[in-house]
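A.B. asks: Numbering (our numbering), first residue to last: -19 to 32.
Virtual Cβ for every residue (Gly too), placed ideally from N, Cα, C.
Pasting a structure here, questions to come.
Right, dumping it as structure tokens:
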């Protein structure tokens, strides 16, 4: 529901989640910074689009 509200053209739906977003971003800002590799699952072979 949250992602749908943020992607919807009707911005009034996203306003419902404003307090949640502020709390979440505040919590994220308190975490220590890290620089690591992040892996994401993708359906399909993307190896030709990226170098070794």
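According to DSSP, simplified to helix, strand and coil, what is residue 23?
C.D. replies: Numbered from 1 along the chain shown, position 43 holds the residue referred to as residue 23. Coil.
A.B. asks: Under the assumption that residue -6 contacts residue -14 (Cβ atoms under 8 Å), give the Cβ distance between them as a whole number of angstroms.
C.D. replies: On the chain shown, residue -6 is found 14 positions in, with the first residue counted as 1. On the chain shown, residue -14 is found 6 positions in, with the first residue counted as 1. At roughly 5 Å, the Cβ-Cβ gap stays under 8 Å, so residue -6 and residue -14 are in contact.
A.B. asks: Could you check the C-alpha separation between residue 22 and residue 30 for me, to the nearest Å?
C.D. replies: The residue labelled residue 22 in the question sits at position 42 within the chain shown. The residue labelled residue 30 in the question sits at position 50 within the chain shown. For residue 22 and residue 30, the gap between their C-alpha atoms comes out near 14 Å.
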